[in-house]
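Residue numbers (my numbering), protein chains in the order written: chain A, 3 to 321; chain B, 133 to 396.
Below: the structure, in structure tokens.
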Amino acid sequence: MTYAIEAEGLVKRFGDTVALDGVDLAVPAGKILGVLGPNGAGKTTAVRVLATLLRADAGRARVAGFDVVEQATAVRGVIGLTGQYASVDEDLSGTENLVLIGKLLGLSRAEAKARAAELLARFELTDAAGRGIKTYSGGMRRRADLAASLVGRPQVLYLDEPTTGLDPHSRNEVWATVRGLVEDGVTVLLTTQYLEEADQLADLITVIDHGKVIAAGTPHELKRRTGGLSLQVRPTQIADTLVVAGILRDLTGTEPLVDTDNGVLTTPVDDPLLLSTVVRRLDDAGITADELGLRLPSLDEVFLTLTGRTAPVTEGSLA
Amino acid sequence: MTTAAPALHIGPSAALRHGIALAGRAVTKVRKNPESLLDVTLQPIIFLLLFVYLFGGAISGNTHTYLQTLLPGLMVQNICFASMGTGMALAADLKTGVFDRFRSMPIARSAPLLGAVLGDIVRFIVTLVVLIVFAVILGFRVQTGPGEFVIAFLLMLAFGLCLCWVSVFVGMLVKSPQAVPGTLVAFMLPLTFGSTVFVGSGTMPGWLQAWVDINPVTHLTEAARGLLLGGDWAAHTGWAFLWAVAIAAVFFPLALRAYRKRVA
Chain A
3 MTYAIEAEGL VKRFGDTVAL DGVDLAVPAG KILGVLGPNG AGKTTAVRVL ATLLRADAGR
63 ARVAGFDVVE QATAVRGVIG LTGQYASVDE DLSGTENLVL IGKLLGLSRA EAKARAAELL
123 ARFELTDAAG RGIKTYSGGM RRRADLAASL VGRPQVLYLD EPTTGLDPHS RNEVWATVRG
183 LVEDGVTVLL TTQYLEEADQ LADLITVIDH GKVIAAGTPH ELKRRTGGLS LQVRPTQIAD
243 TLVVAGILRD LTGTEPLVDT DNGVLTTPVD DPLLLSTVVR RLDDAGITAD ELGLRLPSLD
303 EVFLTLTGRT APVTEGSLA
Chain B
133 MTTAAPALHI GPSAALRHGI ALAGRAVTKV RKNPESLLDV TLQPIIFLLL FVYLFGGAIS
193 GNTHTYLQTL LPGLMVQNIC FASMGTGMAL AADLKTGVFD RFRSMPIARS APLLGAVLGD
253 IVRFIVTLVV LIVFAVILGF RVQTGPGEFV IAFLLMLAFG LCLCWVSVFV GMLVKSPQAV
313 PGTLVAFMLP LTFGSTVFVG SGTMPGWLQA WVDINPVTHL TEAARGLLLG GDWAAHTGWA
373 FLWAVAIAAV FFPLALRAYR KRVA
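This is the structure we're talking about:
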């Protein structure tokens with residue numbers, strides 16, 4: 003397997019703060035890696051090192067086969083970067099921003115203009131193309147930023163919290179774009195605080211906390227590894243809730259969690275075969291259920307287990 | 133679509149091309165925010181009025197004679213003051229997200245600095261044109277030909293571009309953009325007032341005369357006087373040019389090193 007991004011033992015200190023404490027990352031070409039972690043975990047620092055904006059104190063990293071320190075110029079030639087805050091010029095219009103980037107990348111004026119128009123159309127910014135970025139809404143800004151990252155047709159794209167603060171519609175657009183890029187063979191490294199975003203987009207997830215990788219794998223693996231299965235039942239008749247709770251308590255030895263809003267009972271289970279026993283017991287009691295099944299923990303639960311903290315979704319919850 | 137093989141090294145001609153593209157960005161920003169030109173338009177006019185009418189009579193006997201002598205020097209002084217803006221703008225720019233984008237692109241490391249300096253040619257031209265036009269309204273007349281005028285104009289632009297690197301260097305060292313003019317004033321005041329811009333050096337004490345005589349601003353002022361009012365200008369032009377080259381030769385590498393240290 004060829005890796006588009008490989009990092010080994012990255013360490014970065016800012017004074018007494020250790021932002022990266024030996025981070026390893028590996029992203030196969032054409033895949034999306036979601037880097038997940040609470041605020042201040044070191045996600046942005048890792049992106050800045052991989053984007054040649056910051057030099058690590060120790061460790062090494064290669065992007066598309068080029069060393070980020072020794073061959074920084076070559077790395078810059080294959081990457082695109084979209085930061086947490088829009089990295090486009092507020093005073094310039096959408097077109098002016100993209101044309102400037104095209105010219106810096108060696109396109110002729112005509113080529114740069116054509117590329118700008120093409121990207122602005124793709125991100126539905128044609129109508130606003132001549133307006134200053136400072137008049138754009140948050141979502142438009144982010145799209146302009148993403149468009150700017152794509153002028154050079156990058157092989158590797160870094161998206162540092164690309165949907166933070168976006169409304170659900172804009173967020174979905176960003177997601178669709180990212181999926182489209184991966185279909186074109188682009189490798190994406192995405193940092194996010196949103197677990198759903200990682201779950202939706204990422205082929206692989208690396209969880210970072212306090213500058214260390216605390217878990218890595220596919221979303222499925224992570225869910226399997228950290229936290230067992232849980233069994234959920236939603237009785238058709240809300241009146242049966244207590245009876246069902248009794249059956250579950252009987253079988254697992256613990257009190258099930260009852261969600262009074264939707265009438266769902268949840269209980270952790272170790273043995274998947276327990277499901278058939280539950281079905282039989284419900285049948286015997288003459289209780290029907292609208293929902294009945296085993297499920298893996300949500301990434302939220304994984305996150306909680308790994309970091310000891312709840313997911314830091316504060317605004318614009320994506321659920 | 134395939135991407136071209138990434139360049140491993142960027143030569144000086146590419147660096148210049150990148151610098152020119154980024155200078156275009158600076159010029160566009162000026163065009164969209166004309167109020168950013170206030171310091172290079174209002175200030176020279178105030179200086180001109182202040183010195184000509186307040187001190188002119190006392191220094192030269194009448195204001196018209198003083199206007200003729202002062203203007204070439206005042207042009208030089210305002211070029212020096214205008215150069216302070218470069219470091220300030222760059223220090224502010226450095227904190228924006230767009231600078232991260234430039235730095236993540238395969239362009240020359242020096243390109244953003246070069247772009248800022250080249251883009252400031254516009255500010256220099258504006259300040260010189262404002263001064264000349266306003267002075268002509270007040271009665272200033274060029275005593276030589278258009279050729280000499282053009283040489284004086286270009287000499288001042290060249291000097292300003294070289295002096296910008298001092299400002300860029302300071303801009304890379306200080307934490308906040310506002311600290312740039314604060315720091316540079318300590319350098320600009322002795323440079324521009326400790327010269328023959330406002331008065332001749334005849335009445336000054338010996339130690340001050342010694343400084344005034346070697347001061348690049350004196351050489352540039354005397355060269356400009358020769359070029360605009362008539363008289364010998366070759367020697368002073370030579371000295372002014374040498375000074376400009378020397379300043380750039382020292383401060384361009386210093387600025388680039390400070391920039392690398394700051395961003396890496």
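All C-beta atoms, glycine included, are put in the ideal place defined by N, C-alpha and C.
At a cut-off of 9 Å between beta-carbon atoms, Val-90/A makes contact with chain B. Along the region 216 to 294 of chain A, the beta strand (DSSP E) occurs as fully enclosed runs of 3 or more residues at 231 to 237, 259 to 261, 266 to 271, listed in sequence order. Contact with chain A is found for Asn-165/B, since one of that chain's Cβ atoms lies less than 9 Å from the residue's Cβ. Note that the region 204 to 220 of chain B does not touch the region 14 to 23 of chain A; fewer than 3 beta-carbon pairs, one per stretch, sit closer than 8 Å. Not flagged as an interface residue toward chain B: Glu-120/A, since no C-beta distance is shorter than 9 Å.
Taking every protein chain shown into account, the CB of Val-377/B has fewer than 16 other CB atoms within 10 angstroms, so this residue is exposed.
Residue pairing by DSSP places Ala-63/A opposite Ala-9/A in a beta bridge. Shown in chain order are the members of the region 134 to 168 of chain A whose Cβ falls below 9 Å from a Cβ of chain B: Gly-134, Asp-147, Ala-150, Ser-151, Gly-154, Arg-155, Pro-156, Gln-157, Tyr-160. In the three-state reduction of the DSSP assignment, Val-159/B falls in the helix class, which pools H, G and I. By the beta-carbon neighbour count (other beta carbons within 10 angstroms, threshold 16), Glu-98/A is buried. Under the 9 Å criterion on CB atoms, Glu-98/A is classed as interfacial with respect to chain B. Below the 7 Å Cβ cutoff, chain B contributes Lys-161, Lys-164, Asn-165 as neighbours of Asp-93/A, in chain order.
One thing to note: Ala-248/B has its Cβ no nearer than 9 Å to the Cβ of Ala-355/B.
Against chain A, a Cβ distance below 7 Å from Val-230/B picks out Ser-89, Val-90, Asp-91.
Using a Cβ-Cβ cut-off of 7 Å, Lys-105/A is close to Ala-153 of chain B, given in chain order. Per DSSP, Gly-213/A has no beta-bridge partner at all.
Of the candidates Ala-204/A, Asp-261/A, Tyr-196/A, Leu-148/A, Tyr-196/A places its Cα closest to the Cα of Asn-41/A. For Val-153/A, the secondary structure class from DSSP, reduced to helix, strand or coil, is coil. In the structure shown, Thr-315/B falls within a helical segment according to DSSP collapsed to helix, strand and coil.
Note that the C-beta distance between Arg-124/A and Gly-104/A is not below 9 Å. Sequence-distant partners of Glu-257/A (beyond 5 residues in either direction) whose C-beta falls short of 7 Å from its own C-beta, in its chain, are Arg-251. Under the 9 Å criterion on CB atoms, Leu-284/A is classed as non-interfacial with respect to chain B. Leu-199/B has its alpha-carbon roughly 18 Å from the corresponding atom of Leu-174/B.
Residue contact check for Pro-313/B against chain A: no CB pair falls below 9 Å. Considering only beta carbons, the part of the region 63 to 87 of chain A lying closer than 7 Å to chain B consists of Gln-73, Thr-75, Ala-76, Arg-78, Gly-79, Val-80, Ile-81, Leu-83, Gly-85, Tyr-87, in chain order.
The beta-carbon of Leu-27/A is placed no less than 9 Å from the nearest beta-carbon of chain B. The shortest CA-to-CA distance from Ile-178/B to any of Gly-303/B, Ala-221/B, Leu-263/B, Lys-161/B is the one to Leu-263/B. Chain-order list of chain B residues neighbouring Ala-9/A: empty, with the shortest C-beta distance near 17 Å, by a criterion of under 7 Å. As computed with DSSP, Thr-193/A is found in a beta bridge with Val-37/A, Asp-162/A.
Secondary structure at Gly-334/B: coil, using DSSP grouped into helix, strand and coil.
As the crow flies, the alpha-carbon of Gly-36/A is around 43 Å from that of Ser-168/B.
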